[in-house]
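**Q** Handing you a structure now.
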Amino acid sequence: MEVTEVYSHDDPNASDVIAQVANYANHARAMGLPFWIFAEERKPIGMVVFGREPIQLLAPVGTLMSFILVADPQTSREKIREFASEALDFVKRTKAQYALAAFPHEREEAIAEFESLGFKEIDDCYEMIYKIDEPFEVSDKIQFNKVERKEIQDFVRLAKEFLSGTPDSMLNNTLKFILELPDDFLDVYYKIEDFYFIKEGEKTVGIVNFDPRTGRISNVGISPKYRRQGYGEQAVRFALNKLLQNNVKQAYLRVHVKNKAAINLYKKIGFLPETRIKTLIWRRTAG
Ligand SMILES: CC(C)(COP(=O)(O)OP(=O)(O)OC[C@H]1O[C@@H](n2cnc3c(N)ncnc32)[C@H](O)[C@@H]1OP(=O)(O)O)[C@@H](O)C(=O)NCCC(=O)NCCS
Numbered sequence: 362m363e364v365t366e367v368y369s370h371d372d373p374n375a376s377d378v379i380a381q382v383a384n385y386a387n388h389a390r391a392m393g394l395p396f397w398i399f400a401e402e403r404k405p406i407g408m409v410v411f412g413r414e415p416i417q418l419l420a421p422v423g424t425l426m427s428f429i430l431v432a433d434p435q436t437s438r439e440k441i442r443e444f445a446s447e448a449l450d451f452v453k454r455t456k457a458q459y460a461l462a463a464f465p466h467e468r469e470e471a472i473a474e475f476e477s478l479g480f481k482e483i484d485d486c487y488e489m490i491y492k493i494d495e496p497f498e499v500s501d502k503i504q505f506n507k508v509e510r511k512e513i514q515d516f517v518r519l520a521k522e523f524l525s526g527t528p529d530s531m532l533n534n535t536l537k538f539i540l541e542l543p544d545d546f547l548d549v550y551y552k553i554e555d556f557y558f559i560k561e562g563e564k565t566v567g568i569v570n571f572d573p574r575t576g577r578i579s580n581v582g583i584s585p586k587y588r589r590q591g592y593g594e595q596a597v598r599f600a601l602n603k604l605l606q607n608n609v610k611q612a613y614l615r616v617h618v619k620n621k622a623a624i625n626l627y628k629k630i631g632f633l634p635e636t637r638i639k640t641l642i643w644r645r646t647a648g
């Protein structure tokens, strides 16, 4: 049996179908990404969204990539099987080099269906949150220097070095291509997040960046030379204080389930795991 209906993002007769996946559709539209909805009797089962790197930075900049999303978590295993196979065939007919699909880790049946089509796990992470009640003490021996726009390339180079050495495959993939980030992307990213060099006197010991509006802590990286000396904890405390000053009362972040150092750091501060998400990837070519 086939999931027969496919509606495109600009189909004037599909507004009722698109409205049923408004969350995803609005998000895709806001990013200017085209999408197609797979449906049965005008009820969406899932969608395929296309974009070009850098979005996940799992391939060189400019590479066409895709996301396959299951719309309704209640979808039966049989329907997921049909949808996954049709959506992947659809992606294969395009020039997309890879497809990502993400699920809460307890959705083992959906994960198994995608794996049977050749998808492989690329990420398994906790989303952790922390409710910020009051400011932390931060050592006055450490300076947090705000990165200026003209210094963002230096920040990116340090990020590549300081975020290395983790079992986080998604992060390690990103680090392969991070130096390619185009200037217009960095412009946008710089406007969204706050970036800091962490210094002690003359030496740069780490980097941290976060979104001061949403409370997302995106990266904390300490130079491999200076790890286990308390800088990571100071960096997170600093970021939380900045968020609180901005009236943001909740911080969140993602961390790979095997990144023990980072998980321990965040737990020590009081972060709690909220969900665990597995991300699967299908790649057109091995590698
Ligand atoms: C994770 C990271 C930022 C920790 O920075 P750090 O300066 O070494 O950490 P701290 O010295 O402040 O340690 C604070 C706590 O973290 C935990 N921790 C840090 N390193 C650890 C390790 N290697 N193993 C186990 N726990 C560790 C401990 O609970 C530690 O508290 P303790 O010293 O009282 O035991 C650092 O290892 C790093 O840069 N890793 C690579 C990038 C990364 O994984 N970033 C986070 C995800 S984006």
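Following our numbering, the numbering of the sequence shown begins with 362 at its first residue and continues without gaps. We treat Cβ as the ideally placed atom computed from N, Cα and C, and that holds for glycine.
(1) Excluding sequence positions up to five away, which residues of its chain have a Cβ less than 6 Å from the Cβ of residue 598?
(2) Evaluate residue 600 with the Cβ neighbour count: other Cβ atoms within 10 Å of its Cβ, from every protein chain shown; 16 or more gives buried, anything less gives exposed.
(3) Are the beta-carbon atoms of residue 569 and residue 581 separated by less than 8 Å?
(4) Tell me the DSSP secondary structure of residue 400 in three-state form.
(5) On the DSSP letters alone, give me the boundaries of the alpha helix (DSSP H) that residue 604 sits inside.
(6) Using only the alpha-carbon positions, how far apart do residue 629 and residue 607 sit?
(7) Residue 417 and residue 461: beta carbons closer than 8 Å?
(8) Let me confirm a value: residue 427 is counted as buried when at least 16 other C-beta atoms fall within 10 Å, else exposed. Which label applies?
(9) Helix or strand or just coil, what does DSSP make of residue 435?
(10) Relative to the C-alpha of residue 590, which candidate in 646, 473, 442, 502 has its C-alpha closest?
(11) Can you confirm whether the region 521–529 touches the region 611–628 when touching is taken to mean that 3 or more C-beta pairs between the two stretches lie within less than 8 Å?
(12) Thinking C-alpha only, which one of 479, 558, 402 is nearest residue 518?
(13) Going by the beta-carbon positions, is the gap between residue 422 and residue 538 smaller than 8 Å?
(14) Would you call the region 629–642 in contact with the region 538–555, where contact means no fewer than 3 C-beta pairs closer than 8 Å?
**A** The structure says:
(1) 497, 499
(2) buried
(3) yes
(4) strand
(5) 592–606
(6) 23 Å
(7) yes
(8) buried
(9) coil
(10) 502
(11) yes
(12) 558
(13) yes
(14) no
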